[in-house]
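Q: One structure follows; several queries about it will come next.
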Amino acid sequence: MCISKDQIGSSRKFLRQYKEKLTSLSQIEFENAIGLCLGDVSLQKSVSNHEEFRIKFEWGDKHKDYAFHVYNIFQRWCLSETKRIERRNANGKIVVSWRFQTITHRAFLPLANLFLDAERNYRKSIRPGIVKDHLTDRAFAYWYMDDGSIASKNRLGTVLHTQGFDLSEVQILCQELTEKFALKCWPKLNKGKYCIVISGHSFDIIISLLSLG
Numbered sequence: 009m010c011i012s013k014d015q016i017g018s019s020r021k022f023l024r025q026y027k028e029k030l031t032s033l034s035q036i037e038f039e040n041a042i043g044l045c046l047g048d049v050s051l052q053k054s055v056s057n058h059e060e061f062r063i064k065f066e067w068g069d070k071h072k073d074y075a076f077h078v079y080n081i082f083q084r085w086c087l088s089e090t091k092r093i094e095r096r097n098a099n100g101k102i103v104v105s106w107r108f109q110t111i112t113h114r115a116f117l118p119l120a121n122l123f124l125d126a127e128r129n130y131r132k133s134i135r136p137g138i139v140k141d142h143l144t145d146r147a148f149a150y151w152y153m154d155d156g157s158i159a160s161k162n163r164l165g166t167v168l169h170t171q172g173f174d175l176s177e178v179q180i181l182c183q184e185l186t187e188k189f190a191l192k193c194w195p196k197l198n199k200g201k202y203c204i205v206i207s208g209h210s211f212d213i214i215i216s217l218l219s220l221g
C-alpha cells in the first residue's frame with residue numbers, strides 16, 4: 009500500500025507507513041543538512057524514541073525565498089508546508105518569520121550523533137572532525153547562506169556568525185577550515201560571543217566553495 013502525505017491526516021497508522029517508505033537522507037540532503045546544522049537550524053530529539061530526531065527550520069521574512077528553497081529540498085520529510093509566523097518584539101513591532109519542520113525519523117540520527125551532546129541535554133556542539141570529515145563544498149555553501157556575511161563593504165573579508173558556539177568550538181572550526189580549505193580565518197569576539205572572520209585573501213576560495221561545484 010502506497011501512502012501519500014495527503015492521506016496521512018491524523019492517522020498514526022498512515023504516518024507509520026509513510027515513515028517506513030523513507031529510509032535515509034540522500035547525499036544532497038545530508039550535505040545540505042550538515043551546513044544548515046552548523047548554522048541556525050534546530051536538531052531535536054523525539055520525546056518517545058531516543059533514536060529519532062527532527063530538524064526545525066525558521067528564517068526571517070527577508071529570507072522568505074531561501075526558506076522556501078530549503079523547504080523544497082527537504083519536502084519529502086515534511087508533512088506541512090512552510091508557515092508564516094507573526095510575533096511582536098520588545099518594541100511592539102510585528103516581526104514575520106517562516107517556519108517548517110521535518111517528521112521525527114531515524115534518518116536524522118547520523119546528524120544527531122555528529123552535532124548533539126547527550127551529556128549536555130542534547131545541546132548542539134562542535135566536535136573535532138565535523139569540518140574535516142563531513143563539510144563538503146555544498147555543505148559549506150549552505151552554512152554560508154545561513155550564517156555568512158561580508159565583513160565590510162570596502163573589503164573582501166567575510167564572517168561566519170558562529171555566536172551559538174563557545175570559543176573552543178569556534179577554534180575547532182577555524183582550525184579545520186584552514187586545514188581542509190586553506191582558509192585564513194580566526195575567532196573574533198563580538199558582543200561577548202565568537203564569530204569566525206575569514207581574510208579577504210581567501211575570498212577566491214570562498215567564491216569557489218559557493219559555486220557548489
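Position in the sequence shown (from 1) plus 8 gives the number in our numbering. Think of the CB as a built atom: it goes at the ideal place given N, C-alpha and C, for glycine as much as any other residue. All values reported here derive from a predicted model rather than from experimental measurement.
(1) With a threshold of 7 Å on Cβ separation, who are the neighbours of P195 within its own chain once the five nearest residues in sequence on each side are excluded?
(2) Using three-state DSSP, classify Y26 as helix, strand or coil.
(3) Between the alpha carbons of G208 and E94, how many angstroms are there, rounded?
(4) Go through its chain and collect everything with a Cβ distance to L185's Cβ below 7 Å, but skip five positions before and after it.
(5) Determine the contact status of R62 and T31, defining contact as a CB-CB distance below 8 Å.
(6) In chain order, what residues of the same chain have a beta carbon less than 7 Å from the beta carbon of I158, not counting five sequence neighbours either side?
(7) Hey, out of S219, S216, I215 and I42, whose CA is closest to N121's CA?
(8) Which residues does DSSP pair with Y202 in a beta bridge?
(9) Confirm, please, whether the CB-CB distance from L44 to D154 is below 8 Å.
(10) DSSP state of I11, grouped into three classes?
(11) So, with DSSP's three-state summary, where would you put S105?
(12) Nearest CA to the CA of W85: which residue from S34, H142 and G100?
(13) Mapping the DSSP letters down to three states, classify S176 as helix, strand or coil.
(14) Tell me the DSSP secondary structure of F211 in three-state form.
(15) The ligand NAD and L30: does the residue's C-beta get closer than 7 Å to at least one heavy atom of that ligand?
(16) Taking 8 Å as the threshold, find out whether the region 97 to 106 comes into contact with the region 115 to 135 through three or more Cβ pairs.
(17) Which value, in whole angstroms, describes the spacing of the CA atoms of K91 and E66?
(18) If we require 4 or more residues per run, which alpha helix (DSSP H) segments fall completely within the region 116 to 173?
(19) Residues in its own chain within less than 8 Å of E60 by CB, not counting five upstream and five downstream?
(20) Do F38 and Y79 have their beta-carbon atoms positioned less than 8 Å apart in this structure?
(21) Where does the unbroken beta strand (DSSP E) through K53 begin, and where does it stop?
(22) Check each candidate in I213, L168 and L217 and name the one with the smallest Cα separation from D48.
A: Taking the coordinates as given:
(1) L175, V178, Q179, C182, Y202 and I204
(2) helix
(3) 38 Å
(4) V139, L191 and C193
(5) no
(6) Cβ neighbours of I158 beyond the five flanking positions: T166.
(7) The residue among S219, S216, I215 and I42 with its C-alpha nearest the C-alpha of N121 is I42.
(8) L197
(9) yes
(10) Low local confidence applies: a pLDDT of 46 at I11 is under 50, so the model's placement there is unreliable, and no value is given.
(11) strand
(12) S34
(13) helix
(14) In the structure shown, F211 sits in a helix (DSSP, three-state: H, G or I).
(15) This structure lacks the ligand NAD; in fact it carries no ligand of any kind.
(16) no
(17) 9 Å
(18) 117 to 123, 138 to 142 and 145 to 155
(19) K53, S54, T112, H113, R114, F116 and L117
(20) For Y79 and F38, no; Cβs fall outside 8 Å.
(21) S50 to K53
(22) L168
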